[in-house]
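Colleague: Under the UniProt record's numbering, the residue at position 79 of the sequence shown is numbered 79, and the numbers go up by one with no gaps.
Note that CB positions come from ideal geometry on N, CA and C, so glycine has one too.
Given the structure is predicted, the values throughout are model-derived calculations rather than measurements.
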Amino acid sequence: MVRTRNLHPGINLGSTDPETHRAAEGIVFGFWLFLMADLVIFGALFATYAAMSVQGIAQGPTPADVFDLGSAFLETMLLLGSSFAFGFATLEMKYRANVSRLHLWLAVAGLLGAAFVAMELRDYYIMATVHGATPSTSGFLSAYYLLTGTHVAHVTAGLVWMLVMMVQISVFGVSGAVKLRLLRLGLFWHMLDVVWVGIFTFVYLFGVVS
Numbered sequence: 001m002v003r004t005r006n007l008h009p010g011i012n013l014g015s016t017d018p019e020t021h022r023a024a025e026g027i028v029f030g031f032w033l034f035l036m037a038d039l040v041i042f043g044a045l046f047a048t049y050a051a052m053s054v055q056g057i058a059q060g061p062t063p064a065d066v067f068d069l070g071s072a073f074l075e076t077m078l079l080l081g082s083s084f085a086f087g088f089a090t091l092e093m094k095y096r097a098n099v100s101r102l103h104l105w106l107a108v109a110g111l112l113g114a115a116f117v118a119m120e121l122r123d124y125y126i127m128a129t130v131h132g133a134t135p136s137t138s139g140f141l142s143a144y145y146l147l148t149g150t151h152v153a154h155v156t157a158g159l160v161w162m163l164v165m166m167v168q169i170s171v172f173g174v175s176g177a178v179k180l181r182l183l184r185l186g187l188f189w190h191m192l193d194v195v196w197v198g199i200f201t202f203v204y205l206f207g208v209v210s
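#1: Please classify residue 184: does DSSP put it in a helix, a strand, or coil?
#2: Using C-beta distances below 6 Å, list every residue in its chain close to residue 2, excluding the 5 sequence neighbours before and after it, in chain order.
#3: Does the beta-carbon of residue 41 have 16 or more other beta-carbons within 10 angstroms, so that it is buried, or is it exposed?
#4: Determine, using beta carbons only, whether residue 35 and residue 159 come nearer to each other than 8 Å.
#5: Could you tell me which uninterrupted alpha helix (DSSP H) segments, each at least 4 residues in length, are contained entirely in the stretch 79 to 125, listed from first to last along the chain?
#6: If you follow the alpha helix (DSSP H) that residue 147 is part of, which residue opens it and which one closes it?
#7: Can residue 192 and residue 151 be called in contact, C-beta distance under 8 Å?
#8: Using only the alpha-carbon positions, how far apart do residue 85 and residue 97 sit?
#9: Below 8 Å, how does it come out for the stretch 136 to 146 and the stretch 53 to 66: are there three or more Cβ pairs, yes or no?
#10: Using the C-alpha atoms, what's the distance from residue 164 back to residue 39?
#11: Exposed or buried, what is residue 89 when buried is set at 16 or more other beta-carbons lying within 10 Å of its beta-carbon?
#12: Could you check what DSSP says for residue 277 in three-state terms: helix, strand or coil?
#13: Let me know the secondary structure DSSP gives residue 133 once reduced to three states.
#14: For residue 62, which three-state DSSP category applies?
#15: Within the same chain, show all residues whose beta-carbon is closer than 8 Å to that of residue 182, passing over the 5 residues directly before and after it, in chain order.
#16: Whose C-beta lies closer than 7 Å to the C-beta of residue 195 among residues of the same chain, with five residues either side of it excluded?
#17: Which one of 174, 149, 127, 132 has the shortest CA to CA distance from residue 101?
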């Protein structure tokens, strides 16, 4: 019998669930197209911020005046830790599909992601109340809030999606359809990590150094 290799840009389920692996080929590839379109939006926001951080400061504060590099670094660690925990959830889904352990890893990923959102909102509050740095203060701050706020909105949507998946796992178990949704959520969640590393490097590190 001839075996056909089915490949897709996601975790390989061929050894544990060949049927779902075959179904994932087209579905996950299609989701990658969605992610690339989403990255185009972030690319435009990065380009806008790049221009405004130099030309749009006006009489307002500079990046070095308002950014807390220590807080941004801790937020980075929280989001990377959340992505790491989601990776364990994905491995659990692939090899053992234990509902309790899958819930545990998703809960850890969700809590770390929620802590990231809470810290980012705290930074907004401090910037606005202590430094008077609101979106209307300058073009630079408008671009900053738009870029980071779009990312926070994505993370919040991912947390809601994660909660929905935990409910679906409880109701349907680790079925093929649930696995496909977890695969897509994983790609989305890791993509947000990549975007945030870009924000931390380009916005926070470069802003404070320059």
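Modeller: In short:
#1: helix
#2: For residue 2, the predicted model reports a pLDDT of 41, less than 50, meaning its position is unreliable; a value from the coordinates is still stated below. Same-chain partners within the cutoff: there are none.
#3: exposed
#4: No, these two residues do not count as a Cβ contact at 8 Å.
#5: List check, alpha helix (DSSP H) in window: nothing returned.
#6: 139 to 172
#7: yes
#8: 15 Å
#9: The stretch 136 to 146, when compared against the stretch 53 to 66, does touch it at the 8 Å Cβ threshold.
#10: Using only the alpha carbons, I get a separation of about 24 Å.
#11: buried
#12: An answer regarding residue 277 cannot be provided, because it is not within the stretch 1 to 210 covered by the chain.
#13: coil
#14: In the structure shown, residue 62 sits in coil (DSSP, three-state: anything other than H, G, I, E or B).
#15: 89, 90, 93, 165
#16: 42, 151
#17: In this structure, 174 is the residue among 174, 149, 127, 132 with its C-alpha nearest to the C-alpha of residue 101.
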